[in-house]
Structures are given as C-alpha cells and as structure tokens.
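Heads up: the structure comes next, in structure tokens.
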Amino acid sequence: MKFIKTLMVCSILITGLIIAGCKKEKYTSRDTSGLKPPPVDTTKPPVIDTSVVIDNADKTDGWQVAGGDPVLVTTGQKEGKGYIQGTIKSGQNFMQFIKTLPAPVNTKVTLTTGELKFWLYVQDVSLLSTDGQVQFSSAADPDKKRIGWGFDKILPTLKTGWNHLELKFTDGQPTGDGGPDLTAMNFIKIFFSTTAKVATDQNYGIDDIRVAVVPPSTK
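And the structure:
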C-alpha cells in the first residue's frame, strides 16, 4: 500500500512539473520609451467636390467632331461610362470637338475665381502644331460671349496619352462683347491641327468637362 501511495505522489509531482514546463514564459517589453502612436486625426473635414459638370462625355448626343461622327469609347476613359473620340484620318491635319449643351449651365464661378477642366487624349503629341484654341461660350457661338485659350500656350503642357487640362479663366482671352455669362454657359469648342497631313489615322479623346473654383496657391 505504501508503495502505491508513493507511486501516486511521484506521478502527481511529475505531472505538475510537465504542466509548469509547458507554460509560456512572460518577458517584459523591451520598449521602455513609453511612446504611443499618434491618434488618428478625425478633425479634418472630408474633401467635397464642388465642381460643376459641363459634360461628362458619356454620350455622343450634341457632339460634333471634324472628319466624321463622334465615337463613344467605353474602355480607357477617365470618368464615367466612356469618352468622346474623334479621328484625324490619313491625309488630313485638322480636328475639332464641338458640344452644344441642351440647357445653359450655371458654373457658379467668376472670371477671377474659376477654371475649365477636362481630359484630352492625344495619340502622338509630336505631330501637333500650335494652331488651335479652346473656346467656352454662353451664346452657342464660338465667336460671341466666349472666353478662349490659345493652343500655343496649351501645347507645351501636353504629352502623348491622357492630359488633364486646368485652364484658369484669368489666363483666357474674353471676346470684346464682355465675354461669357458664366451663369448660362452652353457651348464648347476645342480645335487644333497637326504640322502636316498625317500618314496614319490619329485618335483624340475628350472626357469629363467641368468648371471648378481655382484651388488656393500652396506657394
């Protein structure tokens, strides 16, 4: 009997030692700096887009392009369902995009606070000349109640592929009749040419035309 009791005591001791050996050893943190990561700043207001859409270029309705009918391309667009494509055919050298809006648009900016923004796709920028202009009108006419930007100033900013143009009204040239009524804009025309007649078809695209307040300078 004593032998059995002794055996039981030994078994209990051995089991206890095994359990103690399996417990994880606790170590104190080596980071003694006491520093904590800064809390997330939730005081900054979310960025709200207050720009006014002139045309999202998701339909060909109201669009005209030089040399044929406008094409809605639904891949590779910068916004929405697609973009408007025009093509300078082989042997030609001129392109224009014209959009007459179905209803006037109030841009909610002034000639000192606003800018016209849109995406322009260029297949090969090396082919372009400085001839051309971007025209924005409230008279449904490119020569009346408009503001314009010469392509000679725009071309140096362009590259092959998509370009996001931000044309400040303060950099544009208004017509002598007082310029556009920015509360009732209804017409945009973008035209340019190549330095020579192209040897192969050249595609160009327009997407996401809108007006926004010029952001404050960070300088």
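In our numbering, the protein residues as written are 1 to 219. All residues carry an ideal CB built from backbone N, CA and C; glycine is no exception. Treat the numbers as computed from the prediction; the structure is a model and nothing was measured.
Buried versus exposed call for A57 [16 or more other C-beta atoms within 10 Å across all chains shown]
Residue burial is scored here from C-beta neighbours: A57 has at least 16 other C-beta atoms within 10 angstroms and is therefore classed as buried.
Identify which residue in M185, S193, G150 has its Cα closest to the Cα of V53.
Nearest C-alpha to V53: M185.
In terms of residue numbering, what span does the beta strand (DSSP E) encompassing K99 cover?
94-105 is the span of the beta strand (DSSP E), which, as asked, contains K99.
For the region 97-172, which segments carrying the alpha helix (DSSP H) assignment without a break, of at least 4 residues, lie completely within its bounds, in sequence order?
Counting only runs of 4 or more, we get 151-154.
Buried or exposed (CB count within 10 angstroms, at least 16 for buried), Q173:
Around the beta carbon of Q173, a 10 Å sphere encloses fewer than 16 other beta carbons of the protein chains shown; the residue is thus reported as exposed.
Where S193 sits in the DSSP three-state scheme
Of the three classes helix, strand and coil, the one that applies to S193 here is strand, per DSSP.
Using 10 angstroms around the beta-carbon of S217, count the other beta-carbons present and answer buried if the total reaches 16, otherwise exposed.
Within 10 angstroms of the beta-carbon of S217 lie fewer than 16 other beta-carbons, which makes it exposed.
Quick one: measure Cβ to Cβ for E115 and K168, integer angstroms, because I've assumed they're closer than 8 Å.
Contact flag correct, Cβ pair sits at about 5 Å.
Between which two residues does the beta strand (DSSP E) containing A212 stretch?
In the DSSP assignment, A212 falls within the unbroken beta strand (DSSP E) covering 202-213.
What does the alpha-carbon distance come out to for the pair G62 and S137?
Distance between the alpha carbons of G62 and S137: 15 Å.
Please identify the residue among D55, D208, G178, T175 whose C-alpha is closest to the C-alpha of P102.
Ranking the options by Cα distance to P102, first place goes to D55.
Does the separation of the CB atoms of Q96 and F187 fall below 8 Å?
Q96 places its beta carbon 8 Å or farther from that of F187.
Between the beta-carbon of Q133 and the beta-carbon of G161, is there less than 8 Å?
Between Q133 and G161, the gap from beta carbon to beta carbon reaches 8 Å or more.
Closer than 7 Å by C-beta to S90: which residues in its own chain qualify, once you throw out the five before and the five after it? Chain order, please.
Excluding residues within five positions, the ones whose Cβ falls inside 7 Å are V198, A199, T200, D201.
Same chain, Cβ closer than 6 Å to I88, neighbours up to 5 away in sequence not counted
The answer, listed in chain order, is M95, V198, Q202.
Per DSSP, what kind of secondary structure is G68 in: helix, strand or coil?
Of the three classes helix, strand and coil, the one that applies to G68 here is strand, per DSSP.
Within 10 angstroms of its Cβ, does D69 collect 16 or more other Cβ (buried), or is it exposed?
D69 is exposed by the Cβ-count criterion.
Measuring straight from C-alpha to C-alpha, what distance separates G223 and D143?
Only positions 1 to 219 of the chain appear in the structure, and residue 223 is not among them; the question remains open.
Mind checking whether Y83 and Y204 have CB atoms under 8 Å apart?
Not a contact, by the Cβ cut-off of 8 Å.
Inter-residue CB distance, L127 and G179 (contact presumed, cutoff 8 Å):
The C-beta distance from L127 to G179 rounds to 32 Å, too long to fall under 8 Å, and the pair is not in contact.
If you drop the 5 nearest sequence neighbours on each side, which residues of the same chain put their C-beta closer than 6 Å to that of E166?
Closer than 6 Å at Cβ, skipping near neighbours: E115, K117.
DSSP three-state call for N186: helix, strand or coil?
Strand at N186.
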